[in-house]
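K.L.:
Chains as they are written, first to last, in the working numbering: chain A, 305 to 598; chain B, 60 to 324.
Just so it is clear, CB atoms sit at the ideal spot from N, CA and C, and this is done for glycine as well.
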C-alpha cells in the first residue's frame with residue numbers, strides 16, 4: 305500500500321526543528337486520542353444506566369417507556385440489525401454486479417461516466433435520500449401495503465445509500481486482480497465469463513467481503529434516512545411492511561429532551577452502536593490481512 | 060443490472076429537480092423563512108451553514124495538517140506511536156455520525172458549556188472530518204518525490220523549512236482535495252448537528268448562537284412542518300447544487316494545480 309514511503313530525513317537538530325516536532329506531536333496527540341476521548345465520554349455518560357437498570361434489563365424489559373422505568377432496547381436493536389442485514393443482502397450482489405460491469409463488460413465510453421455517476425451518488429447527503437424516500441418511496445409502498453413507512457422502505461433507502469460505496473470498493477478490489485493470472489487465463493483460452501468466475505472473483509474474494517463489511521458498518525450507523533422513512537414505532541416487526549425504529553433513530557428523536565437515566569440509556573445505545581461498528585471495521589481489516597496471501 | 064441502477068438514481072434526481080425547480084428563486088437566497096419555513100427563503104440558514112463549516116475547517120485544518128506532517132515526515136514506518144495514531148484515525152473514520160453527535164452534545168454542549176451553538180456544531184464536525192483531512196494530506200505528502208527531501212537536506216535546510224517551504228507547497232493539490240472532501244462531508248452532515256448546533260432558524264448573531272444547518276432545515280421541513288415540502292425540495296436542490304459545485308471546483312483546482320506544478324518541476 306505504501307509504495308512511496310521512505311524513512312524521514314532528519315539530520316538537523318536546530319531549535320526550530322525541536323519546536324516543530326513538539327507542535328506536530330501535540331496536533332497528533334489530539335487527533336490520535338480523539339477516539340479514546342469519544343469512547344471515554346460515552347462510557348462516562350452511560351455509567352449511571354449500566355449500574356441501574358443494568359444491561360440485562362435492556363434485553364428483558366417488555367417495553368420502551370424510559371420515563372416509567374421500562375428500558376427495552378431490544379426492539380430497536382432488532383430494527384437496526386434487520387434493516388442493515390436486508391440492505392447488505394440487496395446491496396452486495398447489486399454493488400458487485402455493477403462493479404463487474406464497469407470493470408469488465410462496459411466499453412470505455414460507458415465505464416467512465418458510469419463510475420463518475422456512482423461517485424456522485426456516494427456524495428449525496430443522507431438527508432436527501434431520506435427526503436426522497438419520504439416523498440416518493442413511502443407513498444408508493446403505502447398504495448401497495450399501508451402504512452408505507454416501514455422496514456421495507458428503510459431497507460430500500462439503505463440499499464441505495466450503501467450501493468455506491470459497495471460498488472466503488474468492489475471496483476477497487478477487482479482492479480487489483482493479478483495481471484499475470486489474467487494473462488495465464490487468456491493463454492488457456494478462458495472466455496471473459498470463465499476468467500471472471502474462475503480467476504478474478506476467487507482472487508478478489510477478500511476485497512469483496514471487506515466491501516460488504518464496510519457497507520454494513522455504514523448502514524448500521526446511518527441515521528437520517530432511516531429516521532425519515534421507517535415510521536419509528538418501537539416494536540418487533542412481524543412483516544416487512546411494519547414500521548420499526550432503529551437505535552440511531554431512537555437517539556436522534558429522544559436526545560434533545562432526554563434527561564437523567566433516560567439520557568444515560570441513550571448513551572448506552574450509542575456505545576453499543578460504536579462497538580458494533582468498530583468490530584465490523586476491525587473484522588474487515590482482519591479479513592483483508594488474513595486472506596491477502598491465500 | 061447497472062442500467063437498473065442508473066434508472067433508479069435518475070429517478071431520484073429527476074424527482075427532486077421536477078418538484079424543486081419551481082421553488083428556486085432569488086427570494087429563496089435572500090429572505091428569512093416565514094411560517095416555520097413554508098414560505099420565505101433560507102438566507103439565515105445558509106449563513107449558519109457557512110459559519111458552522113467555517114468553524115469546522117478553521118479548527119480541523121491545523122490539527123489535520125500537523126498530524127499528517129508528523130505521520131508522513133517524522134515518525135518511522137514501524138514506530139508504534141505512528142501506527143497507533145493511524146489505526147485510531149482509521150477507526151474514527153468509521154464511527155457513525157450520530158455517535159459524534161452524542162459526543163459533541165456531552166463534551167462541547169454540556170461539559171464545556173457551549174450549549175446548542177454554531178461553535179459546538181462546528182467543533183463536532185471538525186472531529187468528524189479530521190480522519191479524511193489527515194489521510195489525504197498524508198498520502199499527498201508521501202507522493203512528493205524523495206529527491207526533494209534529499210536536495211533540501213544537501214542544501215542544509217532545517218527540517219522545519221523543508222516541510223514549510225518545500226513539501227507542503229508541493230503537496231498543495233492533495234491538501235486541497237482533502238480539504239474539499241472534508242468540506243463536502245461536513246456540509247452533507249445532519250445527524251451530528253441535530254443536538255449540537257440546534258434548530259433555531261433566525262439569523263445567528265454570533266458563533267455562540269444556535270444556528271440551523273441546511274441539511275437540518277430539509278429534515279425539519281419534511282418531518283415536522285406539514286406543507287413544508289415545497290421549500291424542502293428547493294433546499295435539497297440547493298444542497299446538492301452546492302456539493303456539486305464544491306466537487307467540480309476540487310477537480311478543476313486539483314488538475315490545474317497539478318499541471319502547473321509539473322511545469323515548474
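If I follow the unbroken alpha helix (DSSP H) through residue 333 of chain A, where does it start and stop?
P.N.:
Working through the first chain from its first residue, we reach residue 333 of chain A at position 29. Taken as a continuous stretch (DSSP letters only), the alpha helix (DSSP H) holding residue 333 of chain A covers 319-355.
K.L.:
For the alpha helix (DSSP H) containing residue 562 of chain A, name the first residue and the last one.
P.N.:
Counted from its first residue, the first chain places residue 562 of chain A at position 258. No alpha helix (DSSP H) contains residue 562 of chain A, which DSSP labels as neither H nor E.
K.L.:
At which residue ranges does the segment 428-474 of chain A contain complete alpha helix (DSSP H) runs of 4 or more residues, listed in the order of the chain?
P.N.:
Listed in chain order, the complete alpha helix (DSSP H) runs (minimum 4 residues) inside the segment 428-474 of chain A are 430-436 and 442-448.
K.L.:
If we call anything under 8 Å between Cβ atoms a contact, is residue 225 of chain B one with residue 211 of chain B?
P.N.:
Within the second chain, the letter at position 166 stands for residue 225 of chain B. Within the second chain, the letter at position 152 stands for residue 211 of chain B. Yes, these two residues count as a Cβ contact at 8 Å.
K.L.:
Out of curiosity, what's the CA-to-CA distance linking residue 306 of chain A and residue 480 of chain A?
P.N.:
As a working mapping, residue 306 of chain A is identified with position 2 in the first chain. As a working mapping, residue 480 of chain A is identified with position 176 in the first chain. For residue 306 of chain A, the predicted model reports a pLDDT of 41, less than 50, meaning its position is unreliable; a value from the coordinates is still stated below. The alpha-carbon atoms of residue 306 of chain A and residue 480 of chain A are separated by roughly 15 Å.
K.L.:
Who pairs with residue 374 of chain A in a beta bridge, going by DSSP?
P.N.:
As a working mapping, residue 374 of chain A is identified with position 70 in the first chain. Answer by DSSP bridge pairing, in chain order: A/369.
K.L.:
Starting from residue 222 of chain B, find everything on chain A with Cβ-Cβ shorter than 8 Å and list it in chain order.
P.N.:
Along the second chain, read from residue 1 onward, the residue named residue 222 of chain B stands at position 163. 324, listed in chain order.
K.L.:
Would you list, in chain order, the members of the segment 401-430 of chain A that have their beta-carbon closer than 9 Å to a beta-carbon of chain B?
P.N.:
If the cut-off is 9 Å between Cβ atoms, the segment 401-430 of chain A has 401, 402, 404, 405, 406, 409, 410, 414, 418, 421, 422, 423, 424, 425, 427, 428, 429 and 430 near chain B.
K.L.:
Looking at C-beta atoms only, is the number of pairs between the segment 382-402 of chain A and the segment 534-545 of chain A that lie closer than 8 Å three or more?
P.N.:
The segment 382-402 of chain A is in contact with the segment 534-545 of chain A.
K.L.:
Per DSSP, residue 92 of chain B is paired with what?
P.N.:
The residue you call residue 92 of chain B lines up with position 33 of the second chain. Residue 92 of chain B is bridged to B/99.
K.L.:
At a Cβ cut of 7 Å, what residues of the segment 173-192 of chain B count as close to chain A, listed as they run along the chain?
P.N.:
Answer set for the segment 173-192 of chain B: 186 and 189.
K.L.:
Which residues in chain A sit within 9 Å of residue 66 of chain B, going by Cβ to Cβ distance?
P.N.:
In the second chain, residue 66 of chain B corresponds to position 7, counting from 1. Simply none; closest approach about 12 Å.
K.L.:
If you measure from the beta carbon of residue 331 of chain A to each beta carbon in chain B, is any gap under 8 Å?
P.N.:
Stepping through the first chain from its first residue, residue 331 of chain A is reached at position 27. Interface residue, yes.
K.L.:
If you reduce the DSSP assignment to three classes, tell me which class residue 73 of chain B lands in.
P.N.:
Working through the second chain from its first residue, we reach residue 73 of chain B at position 14. Looking at residue 73 of chain B - three-state DSSP - the assignment turns out to be helix.
K.L.:
Can you tell me whether residue 535 of chain A is helix, strand or coil according to DSSP?
P.N.:
For the purposes of this step, residue 535 of chain A is taken as residue 231 along the first chain, with counting starting at 1. Reduced to three states, the DSSP call for residue 535 of chain A is strand.
K.L.:
I'd like to know whether the C-beta of residue 443 of chain A is nearer than 8 Å to at least one C-beta of chain B.
P.N.:
Translated into the one-based positions of the first chain, residue 443 of chain A becomes position 139. No, its Cβ sits nowhere closer than 8 Å to a Cβ of chain B.
K.L.:
Quick check on the DSSP output: the alpha helix (DSSP H) that includes residue 423 of chain A runs from which residue to which?
P.N.:
Your numbering for residue 423 of chain A matches position 119 in the first chain. Its alpha helix (DSSP H) spans residues 412-426.
K.L.:
So what's residue 67 of chain B in DSSP terms, helix, strand or just coil?
P.N.:
By one-based count along the second chain, residue 67 of chain B stands at place 8. Residue 67 of chain B falls in the helix class under three-state DSSP.
K.L.:
Does the separation of the CB atoms of residue 461 of chain A and residue 548 of chain A fall below 8 Å?
P.N.:
As a working mapping, residue 461 of chain A is identified with position 157 in the first chain. As a working mapping, residue 548 of chain A is identified with position 244 in the first chain. Against a cut-off of 8 Å, the Cβ pair of residue 548 of chain A and residue 461 of chain A comes out as no contact.
K.L.:
Roughly how many angstroms lie between the CA atoms of residue 500 of chain A and residue 416 of chain A, to the nearest whole one?
P.N.:
Within the first chain, the letter at position 196 stands for residue 500 of chain A. Within the first chain, the letter at position 112 stands for residue 416 of chain A. Cα to Cα, residue 500 of chain A sits roughly 20 Å from residue 416 of chain A.
K.L.:
Going by Cα to Cα distance, which pick from B/181, B/243, B/291 and B/184 is closest to residue 80 of chain B?
P.N.:
Translated into positions along the second chain, residue 80 of chain B becomes position 21. Among B/181, B/243, B/291 and B/184, the Cα nearest to that of residue 80 of chain B belongs to B/291.
K.L.:
Tell me, please, whether the CB atom of residue 114 of chain B is closer than 8 Å to any CB atom in chain A?
P.N.:
To locate residue 114 of chain B, count along the second chain from 1; it is residue 55. Not closer than 8 Å to any Cβ of chain A, the Cβ of residue 114 of chain B fails to qualify, so no.
K.L.:
Quick check on DSSP: helix, strand or coil for residue 548 of chain A?
P.N.:
Position 244 of the first chain holds residue 548 of chain A. The answer is strand: DSSP assigns residue 548 of chain A an E or B state.
K.L.:
Which residues in the same chain have their Cβ closer than 8 Å to the Cβ of residue 269 of chain B, if we skip the five residues on either side of it in sequence?
P.N.:
For the purposes of this step, residue 269 of chain B is taken as the residue at position 210 of the second chain. Around residue 269 of chain B: 174, 175, 176, 177, 256, 257, 258, 259 and 263.
K.L.:
Just to confirm my understanding: we take residue 504 of chain A, look at its own chain, exclude 5 residues before and 5 after, and list those with CB closer than 6 Å. What are they?
P.N.:
Reading the first chain from its first residue, position 200 is the one you call residue 504 of chain A. Cβ neighbours of residue 504 of chain A beyond the five flanking positions: 481.
K.L.:
Out of curiosity, what's the CA-to-CA distance linking residue 530 of chain A and residue 228 of chain B?
P.N.:
Mapped onto the first chain, residue 530 of chain A falls at position 226. Mapped onto the second chain, residue 228 of chain B falls at position 169. So the alpha carbons of these two residues sit roughly 43 Å apart.
K.L.:
Give the DSSP-derived three-state secondary structure of residue 207 of chain B in the structure shown.
P.N.:
To locate residue 207 of chain B, count along the second chain from 1; it is residue 148. Helix, per DSSP.
K.L.:
Using a Cβ cut-off of 8 Å (strictly closer), state whether residue 581 of chain A contacts chain B.
P.N.:
Working through the first chain from its first residue, we reach residue 581 of chain A at position 277. Yes, residue 581 of chain A lies at the interface with chain B (some Cβ there is under 8 Å from its Cβ).
K.L.:
Check whether the segment 396-412 of chain A and the segment 453-471 of chain A are in contact - that is, three or more C-beta pairs closer than 8 Å.
P.N.:
Output reads yes: the segment 453-471 of chain A touches the segment 396-412 of chain A.
K.L.:
Within 10 angstroms of its Cβ, does residue 492 of chain A collect 16 or more other Cβ (buried), or is it exposed?
P.N.:
By 1-based counting over the first chain, the position of residue 492 of chain A is 188. Answer is exposed; the Cβ neighbour count stays below 16.
K.L.:
Take residue 110 of chain B and list the residues in its own chain whose beta-carbon comes closer than 8 Å to its own, dropping the five residues that flank it on each side.
P.N.:
Counting from 1 along the second chain, the entry for residue 110 of chain B is found at position 51. The answer, listed in chain order, is 177, 181, 263, 266 and 270.
K.L.:
Evaluate contact between the segment 434-443 of chain A and the segment 351-370 of chain A, counting only Cβ atoms and requiring at least three cross-stretch pairs below 8 Å.
P.N.:
Contact fails: fewer than three Cβ-Cβ distances are below 8 Å.
K.L.:
Closest to residue 372 of chain A by CA distance: which of A/566, A/457, A/494 and A/339 is it?
P.N.:
Stepping through the first chain from its first residue, residue 372 of chain A is reached at position 68. Here the closest residue by C-alpha is A/566.
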